[in-house]
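Take any residue in the sequence shown, count from 1 to its spot, add 7: that is its number in this note's numbering.
Built from N, CA and C at the ideal position, the CB exists for glycine as well.
Contents: one structure, followed by commentary.
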Amino acid sequence: MITATKAKIAKGRLLIDGQWVDGAKTFDTVNPATGEPLTQVIEASAADVDRAVAAARRAFDDKSGPWRKMSASERGRLIWRLADLIEQHIDELAELETLDNGKPIFESRNVDMPMVIDVLRYYAGWATKIHGETVNTFDSAFTYTLREPVGVVGLIIPWNFPLLLASWKLGPALACGNTIVMKPAEQTPLTTLRVGELALEAGIPAGVLNIITGGPETGKAIVKHPGIDKISFTGSTSVGKEIMRGAADTLKRVTLELGGKSPNIVFADSDIDNAVKGAINGIFYGKGEVCNAGSRLFVESKVRDEFLEKLVGRAKKMVPGDPLDPKTRMGAIISQEQMQTVLGYIEAGKKEGAKLMAGGNRTSVDGGKGFFIEPTVFGDVTNEMKIAQEEIFGPVLATLKFDDVEEVVELANRNQYGLAAAVWTRDVKKAHQLSRQLRAGTVWINTYGLMDAALPFGGYKSSGFGRELGQAALEHYTEVKTVWMNMG
Ligand code: NAD
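The structure is reproduced here in structure tokens:
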């Protein structure tokens with residue numbers, strides 16, 4: 008049996024102008040580990056979006072209102088207070104995330120939630136450090152720049168790291184003084200809704216943070232709304248393109264964090280055992296539903312057989328289990344639909360002649376109806392195959408071989424995505440040379456998947472543009488104004 012939860016999950020409502028309100032239509036959010044509904048949430052209509060935008064607009068435009076009058080220091084304190092409240096409710100939030108997403112509680116409790124708290128505290132610190140510059144131009148002029156909030160920002164979140172990716176946007180948006188209309192993914196709204204309650208408890212003024220639930224139609228209403236100044240989107244590349252088109256008419260600022268097919272490159276001179284662990288972690292962490300998953304593994308021919316033997320041995324030992332069991336390291340795929348997509352890619356790999364070396368099947372945990380897939384490894388993959396080119400977004404690793412540096416750089420870069428890459432070698436010069444040649448927003452050397460609130464994250468090529476985390480994110484939540492005063 009999948010462990011019964013102690014958390015009582017209330018029906019979801021919308022957070023608009025500091026009030027929890029109902030909507031006309033609802034849908035179920037499903038526990039992927041059981042296939043059973045968890046609760047109902049609201050499918051927000053265009054009229055609901057309109058009300059949320061009006062509230063955000065008022066909170067932003069009212070110069071004598073609490074948000075605009077608040078000092079940067081007080082804004083920082085509010086974000087910090089929210090982080091404290093999340094920390095006080097960390098077990099409850101981790102459990103909700105696992106129930107909604109199917110990820111192991113080990114990940115929600117020990118990785119996602121601590122990073123949410125860290126990201127909010129990092130941006131709480133930035134609130135008082137956002138400033139323009141005085142610029143020397145003419146003796147007869149006083150010229151300077153102001154860094155001002157963009158205005159009302161629409162934040163659209165995916166389902167794979169629901170609260171974590173929300174915090175990457177929430178932290179800088181609030182620190183810079185914007186107001187927000189945020190939409191979690193339809194599959195995973197629960198932690199965001201709970202954080203909406205905590206935000207009110209923290210004292211974030213009415214209208215500053217509005218939370219709207221729903222699917223693509225709700226998202227579209229946000230994207231085209233003339234009252235929104237900027238969209239920050241994380242999700243698939245195909246939806247990212249739609250968002251860019253949808254935002255064009257109102258000339259919104261847009262930042263896009265999109266898909267990936269990241270190369271993980273292992274040289275014969277690396278610490279092989281560590282690289283095997285890195286490859287396993289790179290693809291199977293988060294059930295492979297990770298934008299920066301190391302889903303293309305390139306192994307130098309000389310060590311390929313030894314490497315794959317160790318890798319496959321480890322993959323076969325990773326058995327999917329109850330996500331609420333603290334010992335589980337492989338959880339449930341987000342939905343029936345995503346499970347079918349992943350199984351479809353596994354079939355495509357077999358058809359194109361790749362060699363199935365581990366996994367390949369749906370599996371059941373304790374005879375239940377959850378959406379579980381065995382950790383899957385393909386050998387003999389070539390770079391042209393579908394499983395080497397397309398983002399699968401599941402626990403499926405394509406392994407390829409190479410003979411020299413030039414060849415692997417060319418193969419690694421020959422893909423539409425450019426989110427991340429990793430290099431495993433003891434040769435420091437080679438590692439740094441490669442990190443310059445790989446077209447990716449992040450390059451890890453002798454590790455995989457590490458993140459920090461202070462380090463920018465984002466993509467090259469079809470993986471999007473703009474950066475989240477670090478100081479770099481602040482640029483995307485502010486406008487620069489030039490002030491020119493004639494002193495002649
Ligand atoms: P998705 O693109 O299907 O949905 C993401 C969000 O967009 C959801 O909230 C959804 O309701 C909304 N949406 C869907 N269609 C929309 C539309 N036409 N207009 C406006 N909003 C719309 O993505 P997903 O399946 O939730 O997430 C998986 C994808 O996200 C993967 O491709 C993954 O690589 C990517 N991702 C990228 C990063 C990154 O930082 N680069 C991080 C996590 C996930």
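If the five residues before and after G295 are omitted, its C-beta is found closer than 6 angstroms to the C-beta atoms of G401 and P402, all from its own chain and listed in chain order. In this structure, the beta-carbon distance from S239 to T262 falls below 7 angstroms. In terms of side-chain proximity, the C-beta atom of S243 is found nearer than 6 angstroms to a non-hydrogen atom of the ligand NAD. The C-alpha of V487 is placed about 14 angstroms away from the C-alpha of A480. Take A90, set aside five residues on each side of it, and the residues of its chain with a beta-carbon closer than 7 angstroms to its own are I124, L127, R128 and A131, in chain order. For L207 and K190, the gap between their C-alpha atoms comes out near 17 angstroms. At least one heavy atom of the ligand NAD falls within 6 angstroms of the beta-carbon of G266. K284: member of the alpha helix (DSSP H) spanning I279 to F291, first to last residue. Fewer than three Cβ pairs drawn from the region 76–91 and the region 192–201 lie within less than 8 angstroms of each other, which leaves the two stretches out of contact.
V160 has its CB no nearer than 6 angstroms to any heavy atom of the ligand NAD. With a cutoff of 7 angstroms on beta-carbon distance, P333 and V372 are scored as not near each other. Positions of the beta strand (DSSP E) runs, each at least 3 residues long and wholly inside the region 143–197, are given as 148–156, 159–163 and 186–190 in order along the chain. Nearest C-alpha to P196 among D459, K357, Q47 and Q26: Q47.
By alpha-carbon distance to K231, the top candidate from V416, V188, G214 and E193 is V188. In the structure shown, the three-state DSSP call for Y129 is helix.
Looking from the CA of I340, the closest CA among E99, A31 and K110 belongs to K110. Secondary structure at S239: strand, using DSSP grouped into helix, strand and coil. Shortest gap from the CB of K393 to any heavy atom of the ligand NAD: 6 angstroms or more.
W491 counts as exposed, since fewer than 16 other beta carbons sit within 10 angstroms of its beta carbon. For the ligand NAD, no non-hydrogen atom lies closer than 6 angstroms to the CB of C183. Non-local beta-carbon contacts of Q26 in its own chain, meaning distances under 6 angstroms to residues more than five positions away in sequence, are absent.
In terms of CA proximity to R446, N422 leads the group N422, P463, T454 and K437. Taking a contact to require three or more Cβ pairs closer than 8 angstroms, the region 298–310 and the region 401–421 qualify as touching. Between the ligand NAD and K227, a heavy atom-to-CB distance of less than 6 angstroms is present.
D387 and P270 have their C-alpha atoms roughly 16 angstroms apart. The region 448–465 and the region 415–435 touch, with three or more beta-carbon pairs separated by less than 8 angstroms.
Not one heavy atom of the ligand NAD lies closer than 6 angstroms to the C-beta of E114.
A straight-line Cα-Cα distance of about 33 angstroms links I97 and E155.
Sequence-distant Cβ neighbours of N493 in its own chain, meaning closer than 8 angstroms and more than five residues away, are S147 and A148.
The DSSP assignment places 393–396 as complete runs of the alpha helix (DSSP H) inside the region 345–415, in order along the chain (cut-off: 4 residues).
In this structure, the CA atom of W166 is about 5 angstroms from the CA atom of A192. With a threshold of 16 other beta carbon atoms within 10 Å, V384 meets it and is buried.
DSSP, reduced to helix, strand and coil, places T335 outside both helices and strands of the structure shown, so it counts as coil.
Assigned with DSSP and collapsed to three states, L22 falls in strand. The residue from T33, M337 and E264 with its alpha-carbon nearest to that of V246 is E264.
Bounds of any beta strand (DSSP E) do not take in E99; it lies within the alpha helix (DSSP H) bounded by I97 to N108.
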